[in-house]
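Residue numbers (our numbering), protein chains in the order written: chain A, 6 to 350; chain B, 2 to 130.
This is how it looks when you write it as structure tokens:
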């Protein structure tokens with residue numbers, strides 16, 4: 006167990022590799038109760054969210070969710086999060102645990118609208134069921150037709166007798182669900198899911214595999230690919246920056262970058278020599294240090310050493326070789342198209 | 002659990018000495034702490050290793066760990082199986098997954114190492130921390 010944002014978190018249960026493979030081939034269950042939840046309500050909830058987040062909230066229908074970023078005036082992500090719309094006056098944000106207080110404070114400070122903002126993290130626990138067998142497993146515990154729930158949509162569901170928010174979302178690159186419900190019921194729901202998933206070979210999955218899974222899927226992790234010195238465009242998240250939706254925090258910076266270019270670009274790479282590039286390793290192009298690895302690991306499903314790194318825009322090119330300084334030794338790596346892994350359709 | 006005929010370092014390597022040849026590996030405790038091992042980097046035959054200094058690295062999915070030599074000596078054999086099957090280190094750290102064999106420069110180096118009883122007491126203390 007390690008401490009993470011004040012929570013005791015399991016890094017691994019049976020081992021990162023087998024947990025990772027279970028999610029890719031069957032199912033894994035994550036205790037992500039550390040994640041923060043923030044509720045935004047009121048007739049001007051939409052106006053506030055349009056102002057502080059980058060994606061276009063007006064495109065959401067009731068019970069639809071979107072991946073988005075809480076924005077700074079510098080065009081960077083204060084945090085990345087999933088926004089759920091219950092109805093026009095009621096939204097639910099899932100944010101990174103370590104950022105919850107900061108996010109809440111930021112939203113409140115920018116609330117020049119008549120919206121009610123509340124940290125409801127203590128009222129929710131979250132379990133994530135991920136993997137190709139998720140539908141099959143979850144169907145045994147709810148009457149809800151979970152197979153028909155679309156990707157990035159959610160519903161109010163009763164799962165093994167417990168009411169909650171059930172969303173078809175995840176952070177692994179696989180099909181799956183995230184279930185938010187009362188912390189008092191967390192043990193019961195956890196055990197029920199583990200039991201229900203036995204025939205499929207469900208595995209409890211820790212933070213270690215959560216990181217390797219999201220990396221193979223090419224997903225950003227706040228504090229690694231996203232920070233105050235990185236704009237959404239630089240982090241390849243232009244697709245969640247809806248510059249035509251109207252004014253929002255940081256929009257002018259993003260518009261300027263779109264016209265004039267970015268300072269750096271996030272690229273994916275595969276190490277072609279022997280070795281594993283880790284977070285913070287230096288990236289070398291033409292003998293010069295040009296950036297750092299933001300996330301690097303051995304990828305248990307792809308069985309390769311992969312990573313994400315920032316390089317100058319002119320050095321970013323799929324197929325082009327870069328070098329990475331791994332504890333004083335230069336290893337060669339090749340830039341590859343992201344994501345590293347896409348699930349079979 | 003920890004073979005009597007091995008001697009141990011505080012960095013969780015073991016050595017089995019036969020005349021002036023020592024076989025070196027990592028302990029079961031070390032492989033458990035590391036988790037799934039995916040990469041091993043070892044010296045070449047003919048290289049010199051120095052007691053208490055790093056002679057290679059072992060990496061799991063989550064972490065990198067240096068390997069420390071229990072003794073001074075010249076490398077006379079390297080376990081070539083580990084390059085393609087690093088997971089052997091999780092499966093059989095005290096047997097098939099030995100790392101290197103060295104020709105000891107001074108047999109006296111082994112006097113400062115721990116016996117299996119001492120090592121077991123040492124890791125019990127570690128686990129309590």
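We put the CB at the ideal spot given by N, CA and C, even for glycine.
The structure presented is a predicted model; accordingly, all values stated were derived computationally and were not measured.
Here residue 279 (chain A) is exposed: its Cβ has fewer than 16 other Cβ atoms, across all protein chains shown, within 10 Å. With distances taken between CA atoms, residue 54 (chain A) lies nearest to A:254 out of A:175, A:300 and A:254. Using a CB distance below 8 Å, the part of the segment 18 to 42 of chain B facing chain A consists of 36, 37, 39, 40 and 42, ordered along the chain. Contact of residue 210 (chain A) with chain B is not assigned, every C-beta pair being separated by 8 Å or more. Between residue 68 (chain A) and residue 159 (chain A), the C-beta spacing is below 8 Å. Going by beta carbons, residue 43 (chain B) and residue 79 (chain B) fall inside the 8 Å limit. Its Cα nearest to that of residue 38 (chain B), the residue B:91 stands out among B:91, B:119, B:128 and B:126. Here residue 116 (chain A) is buried, its C-beta having at least 16 other C-beta atoms within 10 Å.
Following the DSSP letters along the chain, one finds residue 117 (chain B) in no beta strand (DSSP E) but inside the alpha helix (DSSP H) bounded by residues 117 to 129. Along the segment 291 to 306 of chain A, going in chain order, the ones with a CB nearer than 8 Å to a CB of chain B are 302, 303 and 305. As a beta-bridge residue in DSSP terms, residue 86 (chain A) pairs with A:73.
Chain-ordered, the chain A residues with CB closer than 8 Å to the CB of residue 60 (chain B) read 281 and 303.
DSSP places residue 196 (chain A) in the helix class (H, G or I) of the three-state scheme. At a cut-off of 8 Å between C-beta atoms, residue 63 (chain B) counts as an interface residue with respect to chain A. For the segment 166 to 244 of chain A, the continuous beta strand (DSSP E) assignments of 3+ residues that do not extend past its boundaries occur at 167 to 172, 181 to 186 and 208 to 210, in sequence order. Residue 141 (chain A) carries a helical assignment under DSSP once its states are collapsed to helix, strand and coil. For residue 213 (chain A), the nearest beta carbon of chain B is closer than 8 Å to its own beta carbon.
DSSP assignment within the segment 35 to 118 of chain B yields the following whole beta strand (DSSP E) runs of 3 residues or more, N-terminal first: 38 to 42, 55 to 61, 65 to 69, 74 to 79 and 101 to 105.
Sequence-ordered contacts of the segment 17 to 35 of chain A with chain B read 17, 20, 21 and 22 [C-beta pairs closer than 7 Å]. By the criterion of a C-beta distance shorter than 6 Å, residue 99 (chain B) is surrounded in its chain by 24, 26 and 80, once the five residues flanking it on both sides are discounted.
Restricting attention to beta strand (DSSP E) runs no shorter than 3 residues, the segment 319 to 349 of chain A encloses them at 326 to 331 and 334 to 341, ordered along the chain. For chain B, none of the residues of the segment 173 to 184 of chain A brings a beta carbon within less than 8 Å of one of its beta carbons. The Cβ atoms of residue 217 (chain A) and residue 304 (chain A) lie closer than 8 Å to each other.
Contact of residue 277 (chain A) with chain B by beta-carbon distance below 9 Å is absent, the smallest such distance being about 14 Å. In the three-state reduction of the DSSP assignment, residue 126 (chain A) falls in the helix class.
Secondary structure of residue 277 (chain A) (DSSP, three-state): coil. Residue pairing from DSSP places residue 95 (chain A) in a beta bridge opposite A:46 and A:92.
Nearest to residue 22 (chain A) by alpha-carbon distance, out of B:28, B:15, B:35 and B:30, is B:35. With respect to the C-alpha of residue 13 (chain A), the residue from A:36, A:30 and A:26 having the closest C-alpha is A:36.
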